[in-house]
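J.: Numbering (the working numbering), first residue to last: 102 to 508.
The beta-carbon is built from N, C-alpha and C at its ideal position, and this holds for glycine as well.
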């Protein structure tokens with residue numbers, strides 16, 4: 102589809118929104134063919150996404166308008182999903198055409214439900230226009246589709262790695278076929294990726310789970326944890342102008358996640374609340390012992406070997422001329438690089454604590470997550486990094502990884 106659309110658009114004026122009379126006739130023919138062949142709106146959106154840089158954002162905005170006015174229901178149903186398009190001009194076109202067709206004949210109950218869900222996943226400045234089209238649809242008699250009940254779910258969640266990445270796999274545990282969906286959450290980005298298969302054969306689900314569990318540390322977690330971390334990353338991504346992928350909508354609908362919004366975890370407040378319940382603040386000896394334990398864990402546990410800094414900044418510090426000795430490089434990382442990243446590491450620790458505490462199988466030792474809370478607290482309190490053994494270990498990991506060429 103991507104190549105066909107690009108070829109059909111070849112005569113359109115680049116860089117400007119083409120007028121309808123300037124669009125080659127075959128372009129509308131391709132869209133019409135898509136309407137006859139697409140099985141669901143997610144397939145339509147996936148096809149548009151594949152065009153990538155082959156066609157301009159302005160032309161994709163025009164296509165969005167065409168989808169909204171199409172006689173094919175599957176094409177119209179795709180338009181609310183385009184409220185999450187990376188390009189503002191496409192999102193604006195989606196809102197405009199939805200408001201234009203906001204009536205029972207062309208704006209279905211499912212479209213209204215999706216629009217309401219996505220309203221809280223888009224930039225604040227774009228929500229007023231969405232509210233306006235929702236009011237118009239309701240005045241004209243469009244009734245919101247009901248959400249399906251939340252099914253029983255088996256949720257597997259990976260540990261937060263040193264880059265702040267965390268994966269979740271969602272399955273329904275019974276039946277010959279079942280839901281098989283996944284999310285990749287990334288600190289500093291938001292929801293990085295999502296995919297959903299509503300009816301995968303059970304044997305394939307089992308095989309895929311076994312394969313992924315061999316590759317990294319996974320634990321079974323609960324629905325509350327899923328809701329918290331997904332909404333946190335929706336909010337974090339939105340703050341960075343990274344909207345979640347449209348496939349997350351299919352996951353939300355499959356599991357009845359009607360309440361997913363842009364709700365971030367208040368890292369400082371969460372850390373303070375958890376720390377206050379430990380009693381460590383009143384006992385300096387316990388606090389120092391906790392910091393020592395977390396340092397030993399980060400240094401020695403194979404699960405923590407991915408916890409290091411991995412970017413160009415660390416390379417500059419480690420590979421300067423003359424090349425610094427390892428202890429000098431570690432000190433420079435602690436003094437010049439990590440201080441500006443205290444909050445990021447504290448957030449990573451809080452996400453790790455949530456993962457540990459909410460595990461529904463083989464619970465992690467309580468002492469382990471409590472030590473992470475203490476470390477996060479001391480990071481945010483400004484304790485010198487050289488006094489935090491875990492951060493020293495992270496600096497050492499970073500120097501070793503940079504010199505080993507693993508960036």
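Take residue 320 as the anchor and find which of 359, 454 and 400 has the nearest alpha-carbon.
T.: Numbered from its first residue, the chain shown carries residue 320 at position 219. The residue with the shortest Cα to Cα distance from residue 320 is 454.
J.: Just mark residue 138 as buried or exposed, buried being the case when its beta carbon has 16 or more other beta carbons within 10 Å.
T.: Working through the chain shown from its first residue, we reach residue 138 at position 37. Under this definition residue 138 is an exposed residue.
J.: Quick one: complete alpha helix (DSSP H) runs, 4+ long, within the stretch 142-219?
T.: The qualifying runs are 142-150, 158-169, 174-179, 189-201 and 210-219.
J.: Using beta-carbon positions only, say whether residue 292 and residue 345 come within less than 8 angstroms of one another.
T.: On the chain shown, residue 292 is found 191 positions in, with the first residue counted as 1. On the chain shown, residue 345 is found 244 positions in, with the first residue counted as 1. Closer than 8 angstroms, so yes.
J.: Hey, is the stretch 329-336 in contact with the stretch 362-377, meaning 3+ C-beta pairs nearer than 8 angstroms?
T.: Taking 8 angstroms as the limit for Cβ pairs, the verdict is that the stretch 362-377 does touch the stretch 329-336.
J.: Cβ atoms of residue 419 and residue 500: under 8 angstroms apart, would you say?
T.: One-based indexing of the chain shown puts residue 500 at position 399. One-based indexing of the chain shown puts residue 419 at position 318. Taking 8 angstroms as the Cβ cut-off, residue 500 and residue 419 qualify as a contacting pair.
J.: Around the C-beta of residue 159, are 16 or more other C-beta atoms found within 10 angstroms, so that it is buried, or is it exposed?
T.: Mapped onto the chain shown, residue 159 falls at position 58. Counting Cβ neighbours within 10 Å, residue 159 comes out buried, since at least 16 surround it.
J.: Leaving out five residues before and five after residue 209 in sequence, what residues of the same chain have Cβ atoms less than 8 angstroms from its Cβ?
T.: The count along the chain shown starts at 1 and reaches residue 209 at position 108. The residues are 174, 177, 178, 243 and 246.
J.: Could you pull out every residue in the same chain whose Cβ sits closer than 8 angstroms to the Cβ of residue 434, ignoring the five residues on either side in sequence?
T.: In the chain shown, counting from the first residue as 1, residue 434 sits at position 333. Answer for residue 434: 410, 415, 418, 419, 496, 499 and 500, listed in chain order.
J.: Below 8 angstroms CB to CB, which residues in the same chain sit around residue 470 once its five sequence neighbours on both sides are set aside?
T.: Mapped onto the chain shown, residue 470 falls at position 369. Taken in chain order, the residues that qualify are 453, 454, 457 and 458.
J.: Given a threshold of 16 other Cβ atoms within 10 Å of its Cβ, counted over all protein chains shown, does residue 312 qualify as buried or as exposed?
T.: The count along the chain shown starts at 1 and reaches residue 312 at position 211. Burial call: exposed.
J.: On the DSSP letters alone, give me the boundaries of the beta strand (DSSP E) that residue 456 sits inside.
T.: By one-based count along the chain shown, residue 456 stands at place 355. Not the beta strand (DSSP E): residue 456 falls in the alpha helix (DSSP H), residues 443-458.
J.: What are the boundary residues of the alpha helix (DSSP H) that residue 255 is part of?
T.: Within the chain shown, numbered from 1, the residue matching residue 255 stands at position 154. Taken as a continuous stretch (DSSP letters only), residue 255 belongs to no alpha helix (DSSP H), being part of the beta strand (DSSP E) at 255-259.
J.: Please list, in chain order, all residues of the same chain as residue 486 whose beta carbon is under 6 angstroms from its beta carbon, the five residues on each side excluded.
T.: One-based indexing of the chain shown puts residue 486 at position 385. Closer than 6 angstroms at Cβ, skipping near neighbours: 435, 439 and 492.
J.: For residue 505, count neighbouring Cβ atoms within 10 angstroms of its own Cβ and tell me buried if that reaches 16, exposed if not.
T.: Translated into the one-based positions of the chain shown, residue 505 becomes position 404. Residue 505 comes out exposed.
J.: Have a look at residue 481 and residue 447 and give me their C-alpha separation to the nearest angstrom.
T.: On the chain shown, residue 481 is found 380 positions in, with the first residue counted as 1. On the chain shown, residue 447 is found 346 positions in, with the first residue counted as 1. Their Cα atoms are separated by approximately 7 angstroms.
J.: Excluding the five sequence neighbours on either side, which residues of its own chain have a C-beta within less than 8 angstroms of the C-beta of residue 276, listed in chain order?
T.: By one-based count along the chain shown, residue 276 stands at place 175. Around residue 276: 303.
J.: Roughly how many angstroms separate the alpha carbons of residue 413 and residue 300, rounded to a whole number?
T.: As a first step, residue 413 must be located in the chain shown, where it is residue number 312. As a first step, residue 300 must be located in the chain shown, where it is residue number 199. Roughly 43 angstroms between the two C-alpha positions.
J.: Closest to residue 357 by C-alpha separation, out of 270, 282 and 250, would be which residue?
T.: Against the chain shown, residue 357 aligns to sequence position 256. Closest by alpha carbon: 250.
J.: Do you know offhand how far residue 232's Cα is from residue 240's?
T.: Start at 1 with the first residue of the chain shown, and residue 232 comes out as number 131. Start at 1 with the first residue of the chain shown, and residue 240 comes out as number 139. Cα to Cα, residue 232 sits roughly 12 angstroms from residue 240.
J.: Relative to the C-alpha of residue 371, which residue among 360, 329 and 430 is closest?
T.: Here the question's residue 371 lines up with position 270 in the chain shown. Minimum Cα distance to residue 371 is reached at 329.
J.: Since residue 284 contacts residue 295 with CB under 8 angstroms, what's their CB separation in whole angstroms?
T.: Numbered from 1 along the chain shown, position 183 holds the residue referred to as residue 284. Numbered from 1 along the chain shown, position 194 holds the residue referred to as residue 295. So it is a contact: roughly 5 angstroms between Cβ atoms.
J.: How many whole angstroms separate the CB atoms of residue 169 and residue 201, which I take to be in contact at a CB cut-off of 8 angstroms?
T.: In the chain shown, counting from the first residue as 1, residue 169 sits at position 68. In the chain shown, counting from the first residue as 1, residue 201 sits at position 100. Right, the Cβ-Cβ distance comes to about 7 angstroms (below 8 angstroms), so this counts as a contact.
J.: Would you kindly check if the distance between the Cβ of residue 211 and the Cβ of residue 509 is under 8 angstroms?
T.: Given that the chain is displayed from residue 102 to residue 508, the structure contains no residue 509 and the question cannot be resolved.
J.: List the endpoints of the continuous beta strand (DSSP E) containing residue 320.
T.: Along the chain shown, read from residue 1 onward, the residue named residue 320 stands at position 219. Looking at the DSSP string, the run of the beta strand (DSSP E) that includes residue 320 is 319-322.
J.: Can you list the alpha helix (DSSP H) stretches of 4 or more residues lying completely in the stretch 263-336, in chain order?
T.: Entirely contained in the stretch 263-336, the alpha helix (DSSP H) runs reaching 4 residues are, in chain order, 303-316.
J.: Indicate the three-state DSSP secondary structure (helix, strand or coil) for residue 547 in the structure shown.
T.: Residue 547 lies beyond the range of the chain shown here (102 to 508); nothing can be said about it.
J.: Are there 16 or more other CB atoms within 10 angstroms of the CB of residue 325, so buried, or fewer, so exposed?
T.: Translated into the one-based positions of the chain shown, residue 325 becomes position 224. Per the 10 Å Cβ criterion, exposed.
J.: CB-CB under 8 angstroms to residue 234, same chain, minus the five flanking residues each way: which ones, in chain order?
T.: Here residue 234 refers to the residue found at position 133 when the chain shown is read from its first residue. The residues are 196, 199, 200, 203 and 216.
J.: When you compare only the Cα positions, how much space is there between residue 317 and residue 236?
T.: On the chain shown, position 216 is the one that residue 317 refers to. On the chain shown, position 135 is the one that residue 236 refers to. The alpha-carbon atoms of residue 317 and residue 236 are separated by roughly 47 angstroms.
J.: Can you list, in chain order, the stretches of the beta strand (DSSP E) that have 3 or more residues and sit fully within the stretch 388-452?
T.: With a minimum length of 3 residues, no continuous beta strand (DSSP E) run stays inside the stretch 388-452.
J.: Pick out whichever of 393, 386 and 290 has its Cα sitting closest to the Cα of residue 337.
T.: Position 236 of the chain shown holds residue 337. Among 393, 386 and 290, the Cα nearest to that of residue 337 belongs to 290.
J.: Please name the residue, chosen from 141, 353 and 189, that lies closest to residue 163 on a Cα-to-Cα basis.
T.: Here residue 163 is taken as the residue at index 62 of the chain shown, counted from 1. The shortest Cα separation from residue 163 among 141, 353 and 189 belongs to 189.
J.: Between the alpha carbons of residue 422 and residue 430, how many angstroms are there, rounded?
T.: Position 321 of the chain shown, counting from 1, holds the residue named residue 422. Position 329 of the chain shown, counting from 1, holds the residue named residue 430. The straight-line gap from Cα to Cα measures roughly 12 angstroms.
J.: Can you grab the Cα-Cα spacing for the pair residue 361 / residue 254, in whole Å?
T.: In the chain shown, counting from the first residue as 1, residue 361 sits at position 260. In the chain shown, counting from the first residue as 1, residue 254 sits at position 153. Computed Cα separation, rounded: 17 angstroms.
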